[in-house]
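**Q** Dumping the structure here so I can ask a few things about it.
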Amino acid sequence: MSLPPDWSQWRDQVDLDGYDERWARIEAEGGNPHGEADFVRSHNPRSVLDGGCGTGRVGIELARHGIAVLGVDPDADMIAAARAKAPELEWLRLDLADLDRPERFDLAVLAGNVIPYAERRAEVVAACARHLVPGGRLVAGFQLQAGWPTLAEYDAWCVAAGLTREGRYASWDRLPYAGGDYVVTVDVLRAGGSGSGPSRPTGPPPGHPG
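Below, the structure written as structure tokens:
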């Protein structure tokens, strides 16, 4: 499975152990490395699709609070790291645009610049919408810079996928968005949207401390 060129270039410069240690260091110094998970939890989902899950930081934190999680990422090394840290959770190595599962989720989250690094961005948004329950939310956080998707483009992909904007922020702490270079946006699957199928089982997986 090939990775997007921008992502491959970034990964060539990143040591995964150091990547994870950075978040551990933030927590050890009194910071909060779980801003994305806290934001997601504020919507009270019982099940979450963690798109572009990386090494599992967000998904593992969500599962720790009793939320059923499916993590999806095309990067084999990152998926392996996530599985090593939380083998009881389900981690799927796959391009998110190709996701085709029977279950539906209360919320899909795309943290960590998943949208800019994706090659098939409109298809990623559509795949997330397709796997939401009616009224489910797509939450995405990404940087806005030259050569990367604009908000207008992202909004158009959401509309095409049957999503309606619910909120827009400048950070995971819900600071108001006023045109900066980072955005967190929340969109809801409209009634009659693309989501259908059984909801993913709720609660932590068997054997998880929850």
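Just so you know, my numbering puts 219 at position 198 of the sequence shown, and the rest follows in order with no gaps. By construction, the Cβ of each residue, glycine as well, lies at the ideal position given by its N, Cα and C atoms.
#1: Going by Cα to Cα distance, which pick from V61, E48, L37 and G51 is closest to W193?
#2: Determine the contact status of A161 and V130, defining contact as a CB-CB distance below 9 Å.
#3: Which residue's Cα is closest to the Cα of L110: L117, D119, I100 and A118?
#4: How is E42 classed by DSSP in three states: helix, strand or coil?
#5: Buried or exposed: where does N65 fall if 16 or more other Cβ atoms within 10 Å of its Cβ makes it buried?
#6: By how many angstroms is the C-alpha of A45 removed from the C-alpha of A102?
#7: Please work out which residues of its chain come closer than 6 Å, Cβ to Cβ, to L115, disregarding the five sequence neighbours upstream and downstream, and give them in chain order.
#8: Just mark H86 as buried or exposed, buried being the case when its beta carbon has 16 or more other beta carbons within 10 Å.
#9: Exposed or buried, S68, counting other C-beta atoms within 10 Å across all chains shown (16 or more means buried)?
#10: Quick one: residues in its chain with C-beta nearer than 7 Å to the C-beta of L120, no 5 flanking neighbours on either side, listed in chain order?
#11: Which residues does DSSP pair with Y203 in a beta bridge?
**A** Let me spell this out:
#1: V61
#2: yes
#3: I100
#4: helix
#5: exposed
#6: 15 Å
#7: V93
#8: exposed
#9: buried
#10: V93, A148 and H152
#11: Q164
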